[in-house]
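Chemist: Would you mind keeping the following structure in view while I ask a few things?
In this note's numbering, the protein residues as written are 383 to 639.
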């Protein structure tokens, strides 16, 4: 967004060196800050028309873009409503439309779902997924980790100015899932199961509670299969066996201790 000067490194946007040619890079960026400015004395169409003019989108092209964006953010029926008459969720969607007026290749969204009620959050998620399907790259920052797990395909976690993890969301979740405990609900053979688990070097942190046993297993899938088969062969009756899924919040806390 060029709000701060770079200390080192390079920034490239759509093949453009953003440090050497910031103006050209900005033409390809749509930035939506956490606290967005609106002009309450304009209606939604006038508001978008104002920003279209700033970006050099005029005439029939501006009218077409405004109609498309109002349709995208589901504000077509609010076309002539004043901005101050809109709900927070509607204002958020209007500002997203403003961010898209010049058809940027990259969207920078800072806490886009902040302060929104559940329905408005879901509507925003739907719009962002629609944009992704149109090959728009979205870089989103948020402290609401549940939003990230539901919307993002890739994840980066920054702690004290350092990137502590980065990669595809599915891979990160799968890798962290392996750190989560396994839980078995035992019908018969509870004590036998405990004894067998204590003999297995890959098993740690065994805990028992109300007919269930939880433990960490650090080994290959084949070894885990052998463990389960061995328990059953020893007469242990198992009602359920699963690894806790874990959440993005847990991953964040684990990586930022």
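Positions of the beta carbon are idealized from the N, C-alpha and C atoms, including for glycine. Remember, it's a predicted structure, so these values are computed and weren't measured experimentally.
Taking 6 Å as the limit between beta carbons, can you name the residues of its chain near residue 562, skipping five residues before and five after?
Modeler: Correct list, in chain order: 625, 626, 628.
Chemist: From the DSSP secondary-structure annotation, give me the bridge partner or partners of residue 414.
Modeler: Note: residue 414 sits in a beta bridge opposite 491.
Chemist: Do you know offhand how far residue 533's Cα is from residue 588's?
Modeler: Approximately 35 Å between the Cα atoms of the pair.
Chemist: Is the distance from the Cβ of residue 571 to the Cβ of residue 611 below 8 Å?
Modeler: The answer is no: Cβ separation not under 8 Å.
Chemist: Across the segment 498–511 and the segment 543–559, are there enough close Cβ pairs to call them in contact, namely three or more that are closer than 8 Å?
Modeler: The segment 498–511 is not in contact with the segment 543–559.
Chemist: Look up residue 541 in the DSSP assignment and give the residues it is bridged to.
Modeler: DSSP, once it has assigned bridges, lists 544 as partnering residue 541.
Chemist: For residue 601 and residue 580, I'd like the C-alpha separation in whole angstroms.
Modeler: So the alpha carbons of these two residues sit roughly 15 Å apart.
Chemist: Look at the Cβ atom of residue 489, then the Cβ atom of residue 521, and state whether they are nearer than 8 Å.
Modeler: Contact: yes.
Chemist: For residue 455, which residues of its own chain have a beta-carbon under 8 Å away from its beta-carbon, when the five flanking residues on both sides are left out?
Modeler: Excluding sequence neighbours, residue 455 sits near 475, 476, 478, 479, 509.
Chemist: Can you tell me whether residue 463 is helix, strand or coil according to DSSP?
Modeler: Coil.
Chemist: When we look at the beta-carbon of residue 550 and count the other beta-carbons within 10 Å, is it buried (16 or more) or exposed?
Modeler: By the neighbour-count rule (16 or more Cβ atoms within 10 Å), residue 550 is not buried but exposed.
Chemist: Which class does residue 625 belong to by DSSP, given the choice of helix, strand or coil?
Modeler: Reduced to three states, the DSSP call for residue 625 is strand.
Chemist: Measure the alpha-carbon distance for residue 465 versus residue 556 and round it to whole angstroms.
Modeler: When rounded, the distance between both Cα atoms is 44 Å.
Chemist: Can you give the Cα-Cα distance for residue 419 and residue 429, rounded to whole angstroms?
Modeler: Whole-angstrom Cα-Cα distance: 11 Å.
Chemist: Do you know whose CA, among 593, 401, 630, lies nearest residue 539's CA?
Modeler: The shortest Cα separation from residue 539 among 593, 401, 630 belongs to 630.
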